[in-house]
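Structure record follows, encoded as structure tokens.
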Ligand SMILES: Cc1cc2nc3c(=O)[nH]c(=O)nc-3n(C[C@H](O)[C@H](O)[C@H](O)COP(=O)(O)O)c2cc1C
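See the structure below:
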């Protein structure tokens with residue numbers, strides 16, 4: 001079975017609610033080299049002194065958000081999920097070390113960054129803004145739990161581009177890319193835990209609508225997983 005058939009067989013389609021938000025974006029795909037004004041260079045993340053056992057134990061899917069992310073946090077999450085190490089290697093295991101996955105960030109609220117849809121560029125550790133403006137009100141409706149998407153400050157979306165991986169591994173390449181994205185998402189979730197943020201992995205979204213909102217070329221790139229994140233809601237201490 002081809003990866004597309006498998007993907008379509010398991011896609012959520014929207015039965016009710018708003019129409020596809022950005023059906024036309026494919027026609028206006030951005031140039032390969034974006035305007036320099038749309039490129040946000042991120043700082044390399046600073047040291048994270050963590051006890052791995054304690055960090056893994058503290059990770060939870062948190063769905064209550066309060067406030068935006070800082071640019072340093074955003075950069076740290078992107079780096080953990082999809083960045084490059086000092087020796088130029090992927091931070092995550094990658095099937096055949098091929099360019100089969102990508103990370104996107106829809107920013108609703110982050111200090112020092114305009115709201116917008118960005119593609120993370122691992123090689124330069126930068127975010128490239130897509131020309132279709134701020135994510136807007138339609139974005140939460142791309143997720144089955146629209147309420148959670150409305151409250152988060154950033155939606156990290158993992159896409160796969162199976163052409164090269166399936167050329168090498170045939171249909172099994174689709175599996176490999178899903179596994180690879182799982183590694184990436186876990187890195188992101190652990191980094192969010194280290195920063196004491198709230199983050200929740202999300203597989204519940206409307207496939208074609210989310211692909212269209214990102215500007216994925218149909219049949220070539222598809223969203224497969226997301227993490228919604230934001231500052232952690234502070235819990236008031238109990239009254240004395
Ligand atoms: C593949 C996958 C998809 C998930 N999709 C959603 C989702 O769409 N919405 C949601 O609220 N949580 C989602 N979760 C989070 C799980 O509900 C959560 O991991 C589980 O309840 C265990 O809680 P914990 O992560 O705090 O250990 C998903 C988790 C995984 C692994």
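Residue numbers (full-length UniProt numbering): 1 to 240. Glycine included, each C-beta is placed from N, C-alpha and C at the ideal position.
Just the C-alpha distance for residue i and residue j, rounded to the nearest angstrom, thanks.
{"i": "residue 21", "j": "residue 73", "result": "Reliability of the predicted coordinates at residue 21 is poor, the pLDDT of 47 falling under 50, and no value is obtained from them."}
{"i": "residue 29", "j": "residue 214", "result": "With a pLDDT of only 48 at residue 29, under the threshold of 50, the placement of this residue in the model should not be trusted; the figure read from the coordinates follows. Going from the Cα of residue 29 to the Cα of residue 214 covers about 10 Å."}
{"i": "residue 96", "j": "residue 165", "result": "8 Å"}
{"i": "residue 133", "j": "residue 11", "result": "26 Å"}
{"i": "residue 8", "j": "residue 162", "result": "14 Å"}
{"i": "residue 131", "j": "residue 193", "result": "31 Å"}
{"i": "residue 91", "j": "residue 239", "result": "44 Å"}
{"i": "residue 4", "j": "residue 184", "result": "22 Å"}
{"i": "residue 145", "j": "residue 119", "result": "23 Å"}
{"i": "residue 147", "j": "residue 186", "result": "23 Å"}
{"i": "residue 241", "j": "residue 55", "result": "The requested residue 241 does not occur in the structure, where the chain is confined to residues 1 to 240."}
{"i": "residue 98", "j": "residue 89", "result": "11 Å"}
{"i": "residue 63", "j": "residue 109", "result": "16 Å"}
{"i": "residue 138", "j": "residue 67", "result": "20 Å"}
{"i": "residue 173", "j": "residue 117", "result": "27 Å"}
{"i": "residue 25", "j": "residue 140", "result": "Unreliable positioning characterises residue 25 in this predicted model, as indicated by a pLDDT of 45, which lies under 50. The coordinate reading is nonetheless provided below. Looking at the two C-alpha atoms, the distance is approximately 18 Å."}
{"i": "residue 43", "j": "residue 182", "result": "25 Å"}
Give the DSSP-derived three-state secondary structure of residue i in the structure shown.
{"i": "residue 50", "result": "coil"}
{"i": "residue 128", "result": "strand"}
{"i": "residue 176", "result": "helix"}
{"i": "residue 74", "result": "helix"}
{"i": "residue 5", "result": "helix"}
{"i": "residue 116", "result": "strand"}
{"i": "residue 122", "result": "helix"}
{"i": "residue 225", "result": "strand"}
{"i": "residue 134", "result": "coil"}
{"i": "residue 93", "result": "coil"}
{"i": "residue 55", "result": "helix"}
{"i": "residue 41", "result": "strand"}
{"i": "residue 103", "result": "strand"}
{"i": "residue 161", "result": "coil"}
{"i": "residue 181", "result": "helix"}
{"i": "residue 230", "result": "strand"}
{"i": "residue 98", "result": "coil"}
{"i": "residue 84", "result": "strand"}
What do you reckon, are the CB atoms on residue i and residue j nearer than 8 Å?
{"i": "residue 231", "j": "residue 197", "result": "yes"}
{"i": "residue 191", "j": "residue 76", "result": "yes"}
{"i": "residue 206", "j": "residue 142", "result": "yes"}
{"i": "residue 254", "j": "residue 103", "result": "Because the chain is modelled from 1 through 240, residue 254 falls outside the range shown and cannot be assessed."}
{"i": "residue 2", "j": "residue 65", "result": "no"}
{"i": "residue 100", "j": "residue 160", "result": "yes"}
{"i": "residue 69", "j": "residue 223", "result": "no"}
{"i": "residue 107", "j": "residue 115", "result": "yes"}
{"i": "residue 156", "j": "residue 212", "result": "no"}
{"i": "residue 201", "j": "residue 61", "result": "yes"}
{"i": "residue 259", "j": "residue 112", "result": "Residue 259 lies beyond the residue range present for the chain, which begins at 1 and ends at 240; the question has no answer from this structure."}
{"i": "residue 59", "j": "residue 189", "result": "yes"}
Around the C-beta of residue i, are 16 or more other C-beta atoms found within 10 angstroms, so that it is buried, or is it exposed?
{"i": "residue 105", "result": "buried"}
{"i": "residue 13", "result": "exposed"}
{"i": "residue 180", "result": "buried"}
{"i": "residue 57", "result": "exposed"}
{"i": "residue 235", "result": "exposed"}
{"i": "residue 93", "result": "exposed"}
Counting only C-beta atoms, is residue i closer than 8 Å to chain C at any point?
{"i": "residue 122", "result": "Looking for chain C here will not work: only one protein chain is present."}
Can you determine whether any heavy atom of ligand 3 sits closer than 7 Å to the C-beta of residue i, and answer yes or no?
{"i": "residue 140", "result": "This structure does not include ligand 3; its bound ligands are ligand 1."}
Subject >> Touching by the beta-carbon criterion (3+ pairs, under 8 Å), the segment 208-220 and the segment 38-52 >> reply: no
Original post:
Do the segment 166-175 and the segment 74-85 make contact, defined as three or more Cβ pairs closer than 8 Å?
Top reply: no
Original post:
Per the contact definition of three or more C-beta pairs closer than 8 Å, is the segment 33-43 in contact with the segment 112-130?
Top reply: yes
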